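Our numbering puts the first residue of the sequence shown at 335, with every later residue one more than the last.
Even glycine gets a Cβ: it sits at the ideal position worked out from N, Cα and C.
For clarity, every value in this text was computed on a predicted model and none was experimentally measured.
As structure tokens, the structure follows; a few thoughts come after it.
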Amino acid sequence: SDLRQTVLEGWNRRENVDGRVYHVIETDNGERYVRAWFAAVAEKIDRPREVAEDEPWVHVDLGEQTLVLYRGDMPIYATLVAHQVAYILEDAGARLVFCSTKEQMDKALEACRSCSADVRVVVFDEVGPTPDGVVTWSRFLARGEARMASVSGEEFRASATRPRPEDVATLLYTSGTTGDPKGVMLTHDNLYSNVEAASRALPITEDDVTLSFLPLSHVLQRMVDYLLFSRGCTIAYAHAIETVADDLRIVRPTVVVSVPRLYEKVYNKVMEAEGLKGRLVHWAREVGTRWAEDRLQGRQPGALTQVAWALADRLVYRKIRAGVGGRLRYFVSGGAPLEPDIARFFYSVGLPVLEGYGLTETSPVTNVNTPDDICIGTVGKPVAGTEIRIADDGEILVRGRQVMKGYYRPEDTAEAFDEEGWFRTGDIGELDVDGFLRITDRKKDIIVTAGGKNVAPQPIENRLKTHPLVEQVVMVGDKRKFVALLLVPSFPQLESWARAQEIDWSDRRELLREPRVQDHVAKEIFAHVGELASYESPKKIGLLEKEFTIEDGTLTPSQKVRRRAVQERYRGLIDRFYAEENVDEAVFVDHGGAEG
Numbered sequence: 335s336d337l338r339q340t341v342l343e344g345w346n347r348r349e350n351v352d353g354r355v356y357h358v359i360e361t362d363n364g365e366r367y368v369r370a371w372f373a374a375v376a377e378k379i380d381r382p383r384e385v386a387e388d389e390p391w392v393h394v395d396l397g398e399q400t401l402v403l404y405r406g407d408m409p410i411y412a413t414l415v416a417h418q419v420a421y422i423l424e425d426a427g428a429r430l431v432f433c434s435t436k437e438q439m440d441k442a443l444e445a446c447r448s449c450s451a452d453v454r455v456v457v458f459d460e461v462g463p464t465p466d467g468v469v470t471w472s473r474f475l476a477r478g479e480a481r482m483a484s485v486s487g488e489e490f491r492a493s494a495t496r497p498r499p500e501d502v503a504t505l506l507y508t509s510g511t512t513g514d515p516k517g518v519m520l521t522h523d524n525l526y527s528n529v530e531a532a533s534r535a536l537p538i539t540e541d542d543v544t545l546s547f548l549p550l551s552h553v554l555q556r557m558v559d560y561l562l563f564s565r566g567c568t569i570a571y572a573h574a575i576e577t578v579a580d581d582l583r584i585v586r587p588t589v590v591v592s593v594p595r596l597y598e599k600v601y602n603k604v605m606e607a608e609g610l611k612g613r614l615v616h617w618a619r620e621v622g623t624r625w626a627e628d629r630l631q632g633r634q635p636g637a638l639t640q641v642a643w644a645l646a647d648r649l650v651y652r653k654i655r656a657g658v659g660g661r662l663r664y665f666v667s668g669g670a671p672l673e674p675d676i677a678r679f680f681y682s683v684g685l686p687v688l689e690g691y692g693l694t695e696t697s698p699v700t701n702v703n704t705p706d707d708i709c710i711g712t713v714g715k716p717v718a719g720t721e722i723r724i725a726d727d728g729e730i731l732v733r734g735r736q737v738m739k740g741y742y743r744p745e746d747t748a749e750a751f752d753e754e755g756w757f758r759t760g761d762i763g764e765l766d767v768d769g770f771l772r773i774t775d776r777k778k779d780i781i782v783t784a785g786g787k788n789v790a791p792q793p794i795e796n797r798l799k800t801h802p803l804v805e806q807v808v809m810v811g812d813k814r815k816f817v818a819l820l821l822v823p824s825f826p827q828l829e830s831w832a833r834a835q836e837i838d839w840s841d842r843r844e845l846l847r848e849p850r851v852q853d854h855v856a857k858e859i860f861a862h863v864g865e866l867a868s869y870e871s872p873k874k875i876g877l878l879e880k881e882f883t884i885e886d887g888t889l890t891p892s893q894k895v896r897r898r899a900v901q902e903r904y905r906g907l908i909d910r911f912y913a914e915e916n917v918d919e920a921v922f923v924d925h926g927g928a929e930g
């Protein structure tokens, strides 16, 4: 068949689901938006780009994907600063930028001034008098509607069906954890095939409701939204990342997709309980661990375990489920590894987290656990149509329809594939006998000590993040005698402990310099990873008073640590770990940020 598998098919299904999508594109406005968009860009601007929050961006995305823009769209994280936006706009050759607010408009204009080509800006909010080169969204649509008379229905439909499966649907830039971001070209067929493969793995019906809160420049949330659109589900968009906890209780979703940070925060919040409540929570966790292990191994839990679990459910688990709306069937986790103890805890509570795997370059899903086939500590089996192979050096290789057309810069593409067409993921992993994939670490993140020992930092960091005292942590030690930690403590937890010890302090730095605080942190942290081999065990801890943030360049917009940036920022502190005069010191405090 010559059926053209573009996102237009998703739009056609969308028109017949009785407006079940929540506050995105109302059925009666759909044709207006798309036709006006078509007319407004009739000048053949072929490289639109967006810097927008989620809900208004969907209008633009569906307008483009449904119609004529053969080069596709390119979402940009709203948290990027102007010089980062400028790099992407210039690299991609953007001609038209959509932004959501005046703040984003100002940033876009600053970025555009650095671009060699003329770039026009459309802003969704009404911002009063608009600067030169800027038009509001309502005015943009009005221009399109004024031109609609010159666009025949035949021309409209012909253009809507013109893109072919191999045409680029979107250009997505990687988060740049190890260097400059790269533009990833995903085709209509890449996205379509991944939506179809994911739909076979994850049970989704038109009765499902989700809360969408990851940026839609994050390919996971974008693909999931396409999947939900195609099934006629209800999608509610969170007001802001800070309101997600409240929005979960209001929306009462049945399916939620997130990165591991959400689950870590929920877990640590539950584990922070003190006194009688704290003892009850920890007892419930131990009961749940036994119950979950039996269930996951296909065994019926014993009678005593069943009774204990029922009691724990009544006293603890039900409250946790109510906190996320009370009707959630499962979570999906991707974007980074999830600590198995956290996944096991959620499973025992009755909130299974289905961990998956993929990259921007794979649209993104290659593997995912399913409700009926779950193995905690793995990212599941390959989705339909996906081949996974482990190279001799342990790198995960992927082939399938969802693998990108290539990078926007051809020289980057050549390095990404081997001679047989396998995509090199850059991740290290292993397949078990049942076909489940286990991720060990990023290939470039592996630490090789001065003694030649290989240390995978991510599993150790993820283990540490289950401790209530740990907010953020990065392991260092490449080409050094031993590994060490840069650690941002959970200050609410640390301050609570300090008050109980009648310790006085005026600010964070003074608190961290208190010897009793340092001894407490060292004792807790070293004990938490006490089962590690000697060469994997951290010997020093550097306490940081400032969190890693997107603004200071140590986090990507998707909340991944930029290790190189962290190590450069704290180079002086790291050097102190290995100085001969500090051989007997275990805990260090940074001198207020960047050193050296």
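When the Cα of Pro465 is compared with those of Arg473, Leu685, Ser448 and Met439, which residue comes out closest?
Nearest option by C-alpha distance: Met439.
Return the chain-ordered list of same chain residues with a C-beta closer than 7 Å to the C-beta of Leu765, the five sequence neighbours on each side being excluded.
Closer than 7 Å at Cβ, skipping near neighbours: Ile722, Ile724 and Leu771.
Using CA coordinates, which residue listed in Ser871, Lys874, Arg897 and Lys873 is at the minimum distance from Phe882?
Closest by alpha carbon: Arg897.
Which term fits Asn528, buried or exposed, when burial requires 16 or more other beta carbons within 10 angstroms of its beta carbon?
Buried.
Per DSSP, Val808 forms a beta bridge with which residues?
Answer is Leu820, bridged to Val808.
Counting only the same chain and skipping the five closest in sequence on each side, list residues whose C-beta sits under 6 Å from that of Val923.
Taken in chain order, the residues that qualify are Leu846, Arg847 and Leu877.
Measuring straight from C-alpha to C-alpha, what distance separates Asp628 and Gln640?
About 11 Å.
How should Ala480 be labelled, buried or exposed, when 16 other C-beta atoms within 10 angstroms of its C-beta is the threshold for buried?
Burial call: exposed.
Determine, using beta-carbon pairs with one atom in the region 728-740 and one in the region 560-578, whether at least three such pairs fall under 8 Å.
No, because fewer than three Cβ pairs between the region 728-740 and the region 560-578 fall closer than 8 Å, the two stretches do not touch.
Can you have a look at Pro409 and say buried or exposed, based on whether 16 or more other CB atoms are within 10 angstroms of its CB?
So Pro409 counts as buried.
Per the DSSP calculation, Cys567 is bridged to which residue(s)?
Paired residue(s): none; Cys567 is not in a bridge.
What do you get for Glu914, buried or exposed, if any count of 16 or more other CB atoms within 10 angstroms of its CB means buried?
Exposed is the call here.
I think Leu820 touches Val917, with their Cβ atoms under 8 Å apart; what is that distance to the nearest whole Å?
Their Cβ separation, rounded to whole angstroms, is 19 Å, which puts Leu820 and Val917 out of contact at 8 Å.
Given a threshold of 16 other Cβ atoms within 10 Å of its Cβ, counted over all protein chains shown, does Ile762 qualify as buried or as exposed?
So Ile762 counts as buried.
Can you give me the C-alpha to C-alpha distance between Pro281 and Gly786, rounded to a whole angstrom?
Only positions 335 to 930 of the chain appear in this structure, which leaves residue 281 out of reach.
From which residue to which residue does the beta strand (DSSP E) around Arg447 run?
Arg447 -> no beta strand (DSSP E), and no H or E assigned at all.
Do Val789 and Ile908 have their CB atoms nearer than 8 Å?
No; because the gap between Cβ atoms is not below 8 Å, this pair is not in contact.
Taking the alpha carbon of Val461 as the reference point, which residue from Arg454, Ser448 and Lys436 has its own alpha carbon closest?
The shortest C-alpha separation from Val461 is found at Lys436.
Determine the direct distance from the alpha carbon of Asp580 to that of Val358, and round the result to whole angstroms.
Low confidence applies here, because Val358 scores a pLDDT of 42, under 50, leaving its location unreliable; read the following figure in that light. Roughly 20 Å between the two C-alpha positions.
Just mark Pro744 as buried or exposed, buried being the case when its beta carbon has 16 or more other beta carbons within 10 Å.
Answer is exposed; the Cβ neighbour count stays below 16.
Output the distance between the C-alpha atoms of Glu606 and Leu798, rounded to the nearest integer angstrom.
Spanning the two alpha carbons is a distance of roughly 15 Å.
For Leu649 and Leu685, I'd like the C-alpha separation in whole angstroms.
Approximately 16 Å between the Cα atoms of the pair.
Under three-state DSSP, which class holds Pro788?
In the sequence as presented, Pro is not what sits at residue 788; that position holds Asn. Strand.
Determine, using beta-carbon pairs with one atom in the region 705-715 and one in the region 767-782, whether at least three such pairs fall under 8 Å.
A contact exists between the region 705-715 and the region 767-782.
Count the other C-beta atoms from every protein chain shown that fall within 10 angstroms of the C-beta of Gly314, then say buried if there are 16 or more, exposed otherwise.
Lying outside 335 to 930, the shown extent of the chain, residue 314 is not represented and no answer is given.
Give the straight-line distance between the Cα atoms of Val469 and Ala503, rounded to the nearest whole angstrom.
Taking the straight line from one Cα to the other gives about 25 Å.
What is the DSSP secondary structure of Met482, counted as helix, strand or coil?
Helix at Met482.
Once you ignore the five residues that flank Gly950 on each side, which residues in its own chain have a CB closer than 6 Å to its CB?
The structure shown does not extend to residue 950, since the chain is modelled only from 335 to 930, so the question has no answer here.
How is Asp333 classed by DSSP in three states: helix, strand or coil?
The displayed coordinates of the chain run from 335 to 930. Any statement about residue 333 would go beyond what the structure contains.
Would you check if the distance between the CB atom of Lys874 and the CB atom of Ala834 is smaller than 8 Å?
Cβ distance not < 8 Å, so Lys874 and Ala834 don't count as in contact.
Taking the alpha-carbon positions, what's the Cys446 to Val415 distance?
Taking the straight line from one Cα to the other gives about 12 Å.
Exposed or buried, what is Phe911 when buried is set at 16 or more other beta-carbons lying within 10 Å of its beta-carbon?
Its Cβ being crowded by 16 or more others within 10 Å, Phe911 is buried.
Could I get the ranges of all uninterrupted alpha helix (DSSP H) runs contained in the region 738-783, with 4 residues as the minimum, in chain order?
Listed in chain order, they are 744-750.
Would the region 853-872 count as touching the region 746-760 if we require 3 or more Cβ pairs under 8 Å?
No, they do not touch.
If Val855 and Pro823 are in contact, beta carbons under 8 Å, what's the gap, nearest whole angstrom?
Correct: roughly 7 Å between the Cβ atoms.
Quick check for students: name the residue ranges of the alpha helix (DSSP H) that lie wholly in the region 409-468, counting only runs of 4 or more.
The region 409-468 contains these whole alpha helix (DSSP H) runs: 416-426 and 436-446.
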